[in-house]
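Note that our numbering has the sequence shown beginning at 3, numbered continuously upward. Where is the CB? At the ideal position from N, CA and C, for every residue including glycine. This report concerns only the one structure given below.
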Amino acid sequence: MDEERALYIVRAGEAGAIERVLRDYSDKHRATFKFESTDEDKRKKLCEGIFKVLVKDVPTTCQVSCLEVLRILSRDKKILVPVTTKENMQILLRLAKLTESDDSLEKASEFPVIVESLKCLCNIVFNSQMAQQLSLELNLAAKLCNLLRKCKDRKFINDIKCFDLRLLFLLSLLHTDIRSQLRYELQGLPLLTQILESAFSIKWTDEYESAIDHNGPPLSPQETDCAIEALKALFNVTVDSWKVHKESDSHQFRVMAAVLRHCLLIVGPTEDKTEELHSNAVNLLSNVPVSCLDVLICPLTHEETAQEATTLDELPSDKTAEKETVLKNNTMEYNGMNMEAIHVLLNFMEKRIDKGSSYREGLTPVLSLLTECSRAHRNIRKFLKDQVLPPLRDVTNRPEVGSTVRNKLVRLMTHVDLGVKQIAAEFLFVLCKERVDSLLKYTGYGNAAGLLAARGLLAGGRGDNWYSEDEDTDTEEYKNAKPNINLITGHLEEPMPNPIDEMTEEQKEYEAMKLVNMLDKLSREELLKPMGLKPDGTITPLEEALNQYSVLEETSSDTD
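Have a look at this one:
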């Protein structure tokens, strides 16, 4: 009934009546996302009628009402097929100021029309494959970049930037060809990076360093939304950029990484918005070549040095309270480097672990990022090792029991999700400089067995990557407890009585044969398969492992 009345007025009424009836329709259906199939034809005709009104010379307020209703109706995919034509798309592009002209955005009265047109385009492009094809034909990505350049330094049109960026994100998500066009032809990487700089009001103190005002106000909701949309669009533009081929590429990625460092050190209007902002920053950092991530840390400035910030590595490891004071009151410093951004990433990772769900989507990106940073940058690895795997003192509890970051990560090493447990184990392994003995000290053999089996390191040794040769120093408490630590569980156990001590030799032989027969039965029925280690440290069926060792022994004796 609403569609019939609106359609009648749209077809026959004057601008004022059209505006009133469409405003009523918009107010009533503002939260409608599911539509009755019985009124599908009426909604199609209403869309067609609205487009006919939009080509006329009607007041701005009437245009806004038309576009609001069109945005609501475009949530229904079924009605978009007949109305998604090249002519209708061009009408929306004209209203959104998506043209090749250099006309500036001067008339504030036009801003609501531009915003509503962009919202309609977002819905239509997302829900219609025909609109996606027309977007390529009409070179929509180039027009969006042109509009961004017109408004990138003007804060009072944040809504236009926000929905322009959202549409750019959708296009680059739905069409992989547009990613390459954005990256190279349209210079999307520096353009979108400048949008972020503008949203964060960055003031550069050095080539890759920005001034951080920890006591400054949080970002406004509009600035936060703009930044999030820009981060998402940048993610699509850089998704295939793992390697740097030119010096100019390296510079662009370093500037972007410096902007992302600034992003990690500021907060949004709410805690949820801050987490969303940081989450998108983490995702984008995962696309930055690892060689460019060194800008996440920087030497302390003269001002920070003058404040006599206390270094963490100067404090004794048992001074927990003093360390917490440093974290709260001073710049995070390690070996003369500012580690604030890395500390934010570590806290972000711990919050994602504490959520206890959606680990693959929410946790693996930040874990992977910290792993690669630790593998490539020594200072980052040493700082994270100090925070995650401090020198062991109390080994009475199992490594997976407790509330420290180490305990939480060790628990993830036996998670049901293969990807989650692999990246958690890999992170700890890298912090231990890929040395098996060091990893087992912090996790126990049982928790680390999966990683070691996959790496062919069950027999010990170290990984393929090279790390500095500085040795870990064990505490006196750990050295005293080490002889009694259970290597499988990784914690101190009271000596257990040996059950065979009071057996006679005949009883021992009987129990041994009983065990052999049980294993033989399980093996013959293929319920259990005996396995052994090959010379390269990987697992294989026992017979094959024995054969390989026999061949090695024969080769050795022939050589002798």
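Residue i to residue j span [Cα, whole Å]
| i | j | result |
| --- | --- | --- |
| residue 393 | residue 201 | 42 Å |
| residue 341 | residue 192 | 26 Å |
| residue 619 | residue 382 | Because the chain spans 3 through 562 in this model, residue 619 falls outside it and cannot be assessed. |
| residue 377 | residue 292 | 9 Å |
| residue 7 | residue 31 | 14 Å |
| residue 256 | residue 296 | 8 Å |
| residue 1 | residue 372 | Beyond the ends of the chain as shown, which are 3 and 562, falls residue 1; an answer cannot be given. |
| residue 531 | residue 541 | 12 Å |
| residue 118 | residue 91 | 14 Å |
| residue 175 | residue 49 | 27 Å |
| residue 134 | residue 103 | 23 Å |
| residue 161 | residue 463 | 57 Å |
| residue 240 | residue 198 | 15 Å |
| residue 360 | residue 419 | 10 Å |
| residue 148 | residue 458 | 54 Å |
| residue 65 | residue 205 | 40 Å |
| residue 548 | residue 268 | 60 Å |
| residue 54 | residue 109 | 24 Å |
| residue 264 | residue 352 | 20 Å |
| residue 166 | residue 379 | 37 Å |
| residue 207 | residue 300 | 12 Å |
| residue 23 | residue 80 | 24 Å |
| residue 563 | residue 5 | With the chain covering 3 to 562 only, the question about residue 563 has no answer from this structure. |
| residue 546 | residue 512 | 29 Å |
| residue 592 | residue 14 | Residue 592 cannot be examined here, being either before or after the span of the chain that is shown, 3 to 562. |
| residue 283 | residue 350 | 11 Å |
| residue 142 | residue 410 | 47 Å |
| residue 550 | residue 286 | 47 Å |
| residue 43 | residue 89 | 20 Å |
| residue 1 | residue 232 | Outside the shown range of the chain, which is 3 to 562, sits residue 1, and nothing can be said about it. |
| residue 272 | residue 498 | 54 Å |
Residues that DSSP places opposite residue i in a beta bridge
| i | result |
| --- | --- |
| residue 300 | 340 |
| residue 335 | 340 |
| residue 541 | 535 |
| residue 119 | Answer is none; residue 119 lacks a bridge partner. |
| residue 208 | 211 |
| residue 600 | Residue 600 lies beyond the stretch modelled for the chain, which goes from 3 to 562, so this question has no answer here. |
| residue 464 | 437 |
Neighbourhood of residue i by C-beta distance below 8 Å, restricted to the same chain and skipping five residues each side
| i | result |
| --- | --- |
| residue 475 | 393 |
| residue 151 | 193 |
| residue 195 | 236, 254, 257, 258, 261 |
| residue 113 | 107, 159, 161, 162 |
| residue 111 | 62 |
| residue 413 | 402 |
| residue 185 | 191, 239, 240, 243 |
Residue i: CB within 7 Å of a non-hydrogen atom of the ligand ATP
| i | result |
| --- | --- |
| residue 198 | With respect to the ligand ATP, the structure offers nothing, as it holds no ligand at all. |
Contacts around residue i, its chain only, beta-carbon distance under 7 Å, and the 5 residues preceding and following it disregarded
| i | result |
| --- | --- |
| residue 227 | 164 |
| residue 270 | 220, 221, 226, 276, 279 |
| residue 421 | 362, 366 |
| residue 126 | 76, 82, 86, 133 |
| residue 491 | 400, 446, 448 |
| residue 438 | 454, 459, 462, 463, 464 |
| residue 123 | 94, 98, 169 |
| residue 519 | none |
| residue 19 | 11 |
| residue 290 | 255, 258, 259 |
| residue 369 | 351, 425, 426, 429 |
Residues near residue i in its chain [Cβ-Cβ closer than 6 Å; skip 5 each side]
| i | result |
| --- | --- |
| residue 375 | 295, 382 |
| residue 434 | 440, 441 |
| residue 145 | 100 |
| residue 67 | 21, 24, 25 |
| residue 116 | 98, 99, 162 |
| residue 495 | 488 |
| residue 355 | 410 |
Item to complete: May I have a chain-ordered list of the alpha helix (DSSP H) segments no shorter than 4 residues that lie completely inside the stretch 473-526?
Response: Complete alpha helix (DSSP H) runs here, min 4: 478-483, 507-526.
Worksheet item: Can we say the stretch 32-43 touches the stretch 82-92, given the rule of at least three CB pairs closer than 8 Å?
Response: No, because fewer than three Cβ pairs between the stretch 32-43 and the stretch 82-92 fall closer than 8 Å, the two stretches do not touch.
Fill in: the stretch 66-77 contacting the stretch 19-34, beta-carbon criterion three pairs below 8 Å
Counting C-beta pairs closer than 8 Å gives three or more between the stretch 66-77 and the stretch 19-34, which meets the contact rule.
Worksheet item: Which residue spans inside the stretch 125-178 form an unbroken alpha helix (DSSP H) run of at least 4?
Response: The stretch 125-178 contains these whole alpha helix (DSSP H) runs: 131-139, 142-153, 160-176.
Discussion item. Contact between the stretch 437-451 and the stretch 478-493 is defined here as three or more beta-carbon pairs at a separation below 8 Å; is this criterion met?
Written reply: Under the three-pair Cβ rule at 8 Å, the stretch 437-451 counts as touching the stretch 478-493.
Worksheet item: Does the stretch 350-367 come within contact of the stretch 422-430, defined as at least 3 CB pairs closer than 8 Å?
Response: With the cut-off at 8 Å, the stretch 350-367 and the stretch 422-430 touch.
Worksheet entry | Ordered list of alpha helix (DSSP H) runs contained in the stretch 355-419, each at least 4 residues | Listed in chain order, the complete alpha helix (DSSP H) runs (minimum 4 residues) inside the stretch 355-419 are 361-364, 366-378, 380-390, 407-414.
Item to complete: Tell me, please, whether the stretch 201-213 touches the stretch 177-185 by the rule of three or more beta-carbon pairs shorter than 8 Å.
Response: No: the two stretches stay apart, fewer than three of their Cβ pairs being nearer than 8 Å.
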